[in-house]
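The next block holds one structure in the form of structure tokens; read it before the comments.
Number of protein chains: 2
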Amino acid sequence: MENYAKIADTGKRRIVIVGGGFGGLELAGSLQDADVQVVLIDKNNYHTFQPLLYQVATAGIDADSIVHPFRKIFEGQDNFYFRLATVEHVDTERQVVETSIGLIKYDFLVIATGATSNFFGNAQMEQNAISMKSVEDAMELRNTILYNFEKALQLDDCEQQNSLMDYVIVGGGPTGVELAGALSELRRHVFPKDYRELNFKEMDIYLIQSGPQLLKGMSEEASQKSLEYLQKFGVNVWLNRRVLSYDGYTVSLDTGEKLITRTLIWAAGVTGAPLQGLSKDSLLRGNRLQTDRYNRVAGYENIFAIGDVAAMVTEENPQGYPMLAQPAIQQGHLLGKNLQNLLAGKPLEAFTYNDQGSMATVGRNHAVADLKVFKKDLRTQGFMAWLIWVFIHLTSLVGFRNRMAILLDWIWSYFTYDTGNRLILGGKHVNIPVKETITHKAVE
Amino acid sequence: MENYAKIADTGKRRIVIVGGGFGGLELAGSLQDADVQVVLIDKNNYHTFQPLLYQVATAGIDADSIVHPFRKIFEGQDNFYFRLATVEHVDTERQVVETSIGLIKYDFLVIATGATSNFFGNAQMEQNAISMKSVEDAMELRNTILYNFEKALQLDDCEQQNSLMDYVIVGGGPTGVELAGALSELRRHVFPKDYRELNFKEMDIYLIQSGPQLLKGMSEEASQKSLEYLQKFGVNVWLNRRVLSYDGYTVSLDTGEKLITRTLIWAAGVTGAPLQGLSKDSLLRGNRLQTDRYNRVAGYENIFAIGDVAAMVTEENPQGYPMLAQPAIQQGHLLGKNLQNLLAGKPLEAFTYNDQGSMATVGRNHAVADLKVFKKDLRTQGFMAWLIWVFIHLTSLVGFRNRMAILLDWIWSYFTYDTGNRLILGGKHVNIPVKETITHKAVE
Numbered sequence: 001m002e003n004y005a006k007i008a009d010t011g012k013r014r015i016v017i018v019g020g021g022f023g024g025l026e027l028a029g030s031l032q033d034a035d036v037q038v039v040l041i042d043k044n045n046y047h048t049f050q051p052l053l054y055q056v057a058t059a060g061i062d063a064d065s066i067v068h069p070f071r072k073i074f075e076g077q078d079n080f081y082f083r084l085a086t087v088e089h090v091d092t093e094r095q096v097v098e099t100s101i102g103l104i105k106y107d108f109l110v111i112a113t114g115a116t117s118n119f120f121g122n123a124q125m126e127q128n129a130i131s132m133k134s135v136e137d138a139m140e141l142r143n144t145i146l147y148n149f150e151k152a153l154q155l156d157d158c159e160q161q162n163s164l165m166d167y168v169i170v171g172g173g174p175t176g177v178e179l180a181g182a183l184s185e186l187r188r189h190v191f192p193k194d195y196r197e198l199n200f201k202e203m204d205i206y207l208i209q210s211g212p213q214l215l216k217g218m219s220e221e222a223s224q225k226s227l228e229y230l231q232k233f234g235v236n237v238w239l240n241r242r243v244l245s246y247d248g249y250t251v252s253l254d255t256g257e258k259l260i261t262r263t264l265i266w267a268a269g270v271t272g273a274p275l276q277g278l279s280k281d282s283l284l285r286g287n288r289l290q291t292d293r294y295n296r297v298a299g300y301e302n303i304f305a306i307g308d309v310a311a312m313v314t315e316e317n318p319q320g321y322p323m324l325a326q327p328a329i330q331q332g333h334l335l336g337k338n339l340q341n342l343l344a345g346k347p348l349e350a351f352t353y354n355d356q357g358s359m360a361t362v363g364r365n366h367a368v369a370d371l372k373v374f375k376k377d378l379r380t381q382g383f384m385a386w387l388i389w390v391f392i393h394l395t396s397l398v399g400f401r402n403r404m405a406i407l408l409d410w411i412w413s414y415f416t417y418d419t420g421n422r423l424i425l426g427g428k429h430v431n432i433p434v435k436e437t438i439t440h441k442a443v444e
Numbered sequence: 445m446e447n448y449a450k451i452a453d454t455g456k457r458r459i460v461i462v463g464g465g466f467g468g469l470e471l472a473g474s475l476q477d478a479d480v481q482v483v484l485i486d487k488n489n490y491h492t493f494q495p496l497l498y499q500v501a502t503a504g505i506d507a508d509s510i511v512h513p514f515r516k517i518f519e520g521q522d523n524f525y526f527r528l529a530t531v532e533h534v535d536t537e538r539q540v541v542e543t544s545i546g547l548i549k550y551d552f553l554v555i556a557t558g559a560t561s562n563f564f565g566n567a568q569m570e571q572n573a574i575s576m577k578s579v580e581d582a583m584e585l586r587n588t589i590l591y592n593f594e595k596a597l598q599l600d601d602c603e604q605q606n607s608l609m610d611y612v613i614v615g616g617g618p619t620g621v622e623l624a625g626a627l628s629e630l631r632r633h634v635f636p637k638d639y640r641e642l643n644f645k646e647m648d649i650y651l652i653q654s655g656p657q658l659l660k661g662m663s664e665e666a667s668q669k670s671l672e673y674l675q676k677f678g679v680n681v682w683l684n685r686r687v688l689s690y691d692g693y694t695v696s697l698d699t700g701e702k703l704i705t706r707t708l709i710w711a712a713g714v715t716g717a718p719l720q721g722l723s724k725d726s727l728l729r730g731n732r733l734q735t736d737r738y739n740r741v742a743g744y745e746n747i748f749a750i751g752d753v754a755a756m757v758t759e760e761n762p763q764g765y766p767m768l769a770q771p772a773i774q775q776g777h778l779l780g781k782n783l784q785n786l787l788a789g790k791p792l793e794a795f796t797y798n799d800q801g802s803m804a805t806v807g808r809n810h811a812v813a814d815l816k817v818f819k820k821d822l823r824t825q826g827f828m829a830w831l832i833w834v835f836i837h838l839t840s841l842v843g844f845r846n847r848m849a850i851l852l853d854w855i856w857s858y859f860t861y862d863t864g865n866r867l868i869l870g871g872k873h874v875n876i877p878v879k880e881t882i883t884h885k886a887v888e
């Protein structure tokens, strides 16, 4: 007898969704009135609003406010079943996913597992860098930043002290730009008051981008303005450089330049995180699953993929859609409809992407936005873009309570130039006393 | 050469405070204008508002809102220095404390290290029970509760399932009463919606108290009413019983009764947590340091103790003051004055305790309060006591942002009968998939 996870057999067809990010969440909700059983599997019991992770990391908001428990979100949806588990493998012959709580049978499987940091095979980098994909990552970065200063207070050696005060961010996409901006604001308004004994003129923030511009994929104006803003805020933006290695102390660039830091944040790219057990033929470059316009994975009848892990390859779109929240939400929504069409024997509706644009914030009153309004481009930078950014992020958050809590934090920090959450809380640093454990020295 | 921690020598006399609880915080603040150097050492970088830990544990509020970073609190106080460290030992001859970041010299030492859970030497209990002394404890309990239900969903065996759904709280003081009440509210309003597949008639909450009444130290009315309220909420209050052992599954009582639970919360008593290196003669029963009316530790000229760790033994008060926030705050405040008197060669002021009463909340609209208003007893129970409890706790919190955040959470949950923070976040459960790892079976 095999080990099956315990989930009631409701006699309905079972749609198993792996992953409760933007796509999985939207899909489960759009199946609300469907005559099916919806099983959502996630390794956390909450949905994470990833666009604000960087604010958790920089002590602007608390972690609780950007996550929302799945069970709460789907409280009123009778066909919804949640299971806290990791999924290891899919057996497409027998139509089961193999999870940490046992086998789960599916009639339809939707892979919404998103993306993971891409270290391009650099194991040393993976070990030493901090990435920014989860709430735990963000809390870890927050703890590290605050802990670094506590340690720096105990050092006399300038190089050692600087290694704890300097930050290197790799990757000039939205995460990198937003983190660099937020760190520069902390350096200006908050840290000097908290750590009067340290000289924050010595705190350097580097943003390293492999290409010639920031925010690739956005407009020329957005790239240019975000660079201007960051430079105005004193961030060292280094373009056209690649990071070759990082041993936890010395960062080596392809130009031969070296930087010293104990904290390197890796925001240089993501790769799809599909399940094991699918045919290799379905996998495209970047580890994404090739799907048709109905999000059906190539080679399968009843397996679908949405969001970051899906590459819907079309003539006009040979790389698949960008790995952003909007395509994931829209695909999740349409797939909900299409699964019901499928069950009703109705024709499916092909996906078309309604690009609403994208935006990034660099700091208070400073953002860049490339919007599409009635299919027209609306590009704006500065205060107006920042207001739009604030509005869109507040309204996109899941849960009224979260919206209010974050609004409160933002109003508070806007007027006081202060952030309330400078806590070393949870994670591996807790209760580990500050000890000088420095063994590295800069190599030449 | 010895390893001294790096703290600027300001040329002033140095007052070292170990511990930033209610007492240490108040003391440091009351030295604001003193011509001294104030060094506060704590193992966390934040102050914890302990009275609301139980609400963090029961998912009512987020952890960030009941803690406040020391550096933020003392931002404007020039003579204040914070050091994140654990203190291991004091060398009273050389006047140094030995900490995890090195030796720290003092002219005056104030021990404000508080109390720790008292397991009365029962190592098995200490290993298997969850206590409620820190934010990490509270988050751990929250994670455990939520994780238990996820696990219970996977079980067929009734006893095993019940072991995950039942809770045993040991200790009928404020923490035990408040936790039991909050759990019963979750059982009534929240869990059945989150876990529709579980039968919450099977969830039992036991509160075990060794003596004949709850809330010992409060009035007869308060004890009686809190018992009534808990019984009305369906909590099994077992008086006059002692827990003998707990192996992580079976709780054995001195009456021969046994209970099965995977979660035992230990709120049955605390013991002082003094520093090593002080004369054994200064230690009283309960591990508290004996002090005079000026909080000076018996046998020392320049070492003081305040709060839970201090036992100010007087004729009218042979046990020392109760281990509560109020005596700690009042002692911290007076000691700040007295240290300045001492330095100015002025006479010291003896401590008198201004007992403002005590209170405990059992659930929404249900609290008990024994207040002293203009030295007159004012005893009230029910809605009015609850309103007073809410008001006093909100105004006692450190930090405007925290007050607003908690007010928001309370208003939210008051009207929706919902709590927003049902997250398995941080701590050892994260990313550990639900696996059936049950090895115990009930003895008998």
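Protein chains in written order, with the working numbering: chain A, 1 to 444; chain B, 445 to 888. Even for Gly, the Cβ is constructed at its ideal location relative to N, Cα and C.
Residues of chain B with a CB under 9 angstroms from the CB of residue i: which are they?
i	result
Asp450 (chain A)	With chain A covering only 1 through 444, there is no way to say anything about residue 450 (chain A).
Using alpha carbons as the reference points, say which of the options lies closest to residue i.
i	options	result
Gly580 (chain B)	B:Ser544, B:Tyr490, B:Ala813 and B:Val534	The residue asked about is misnamed: residue 580 (chain B) is Glu in this sequence, not Gly. When each option's Cα is compared against that of Glu580 (chain B), the closest is B:Tyr490.
Asn302 (chain A)	A:Arg94, A:Phe374 and A:Tyr246	A:Arg94
Val817 (chain B)	B:Ile832, B:Glu594, B:Arg640 and B:Glu519	B:Ile832
Asp648 (chain B)	B:Gly625, B:Leu728 and B:Val482	B:Gly625
Asp862 (chain B)	A:Ile111, A:Ser396, A:Lys337 and A:Arg71	A:Arg71
Ile461 (chain B)	B:Asp551, B:Ala452, B:Val500 and B:Leu822	B:Asp551
Gln825 (chain B)	B:Val531, B:Asn809 and B:Lys819	B:Asn809
Lys456 (chain B)	B:Asp522, B:Val531, B:Asp486 and B:Thr492	B:Asp522
Asp292 (chain A)	A:Asp254, A:Thr255, A:Gly277 and A:Leu335	A:Leu335
Residue i CB to nearest chain E CB: under 8 angstroms?
i	result
Trp410 (chain A)	Included in the structure are the protein chains A and B, with no chain E among them.
Just to confirm before moving on: does the CB-CB distance between residue i and residue j stay below 8 angstroms?
i	j	result
Ser696 (chain B)	Leu683 (chain B)	no
Ile709 (chain B)	Tyr611 (chain B)	yes
Glu185 (chain A)	Gly363 (chain A)	yes
Leu283 (chain A)	Ala310 (chain A)	no
Met139 (chain A)	Val368 (chain A)	no
Gln356 (chain A)	Gln331 (chain A)	no
Phe593 (chain B)	Leu658 (chain B)	no
Phe493 (chain B)	Ile510 (chain B)	yes
Ala129 (chain A)	Tyr246 (chain A)	yes
Gly615 (chain B)	Gln571 (chain B)	no
Arg866 (chain B)	Pro69 (chain A)	yes
Gly277 (chain A)	His89 (chain A)	yes
Taking C-beta pairs closer than 7 angstroms, name the residues in chain B that residue i reaches, listed in chain order.
i	result
Asp62 (chain A)	Asp506 and Asp508
Glu98 (chain A)	The premise fails here: Glu98 (chain A) is roughly 12 angstroms from chain B at the closest Cβ pair, so nothing lies under 7 angstroms.
By the criterion of Cβ-Cβ separation under 7 angstroms, what are the contact partners of residue i in chain A?
i	result
Pro513 (chain B)	Arg422 and Leu423
Met848 (chain B)	Leu408
Would you mind giving the Cβ-Cβ distance between residue i and residue j, rounded to the nearest angstrom? I have them listed as a contact below 8 angstroms.
i	j	result
Val297 (chain A)	Ala115 (chain A)	With 8 angstroms as the limit, Val297 (chain A) and Ala115 (chain A) do not qualify as a contact, their Cβ atoms being about 16 angstroms apart.
Ile704 (chain B)	Asn606 (chain B)	7 angstroms
Pro174 (chain A)	Ala360 (chain A)	4 angstroms
Leu484 (chain B)	Phe526 (chain B)	5 angstroms
Trp854 (chain B)	Arg401 (chain A)	Contact flag wrong, Cβ pair sits at about 11 angstroms.
Which chain B residues are close to residue i, counting only those with a beta carbon under 8 angstroms from its beta carbon?
i	result
Asp194 (chain A)	Pro513, Arg515, Lys516 and Glu519
Leu153 (chain A)	Lys450 and Arg527
So with CB distances below 8 angstroms, who are the chain A contacts of residue i?
i	result
Arg845 (chain B)	Leu408, Asp409, Trp412 and Gly420
Glu641 (chain B)	Ala8 and Tyr81
Any heavy atom of the ligand FAD closer than 7 angstroms to the CB of residue i?
i	result
Lys337 (chain A)	You won't find the ligand FAD in this model; it holds no ligand whatsoever.
At a CB distance below 7 angstroms, what residues from the stretch 101–115 of chain A approach chain B? Give them in sequence order.
Ile101
Note down, in chain order, all residues in the stretch 79–97 of chain A with a beta-carbon under 7 angstroms from any beta-carbon belonging to chain B.
Leu84, Ala85 and Thr86
Mind checking the stretch 125–145 of chain A against chain B and listing, in chain order, the residues whose C-beta falls within less than 8 angstroms of any C-beta there?
Val135, Glu136 and Met139
Relative to chain B, which residues along the stretch 199–230 of chain A have a C-beta separation below 9 angstroms, given in chain order?
none
Determine which residues of the stretch 672–706 of chain B have a Cβ less than 8 angstroms from any Cβ of chain A, and write them out in chain order.
none
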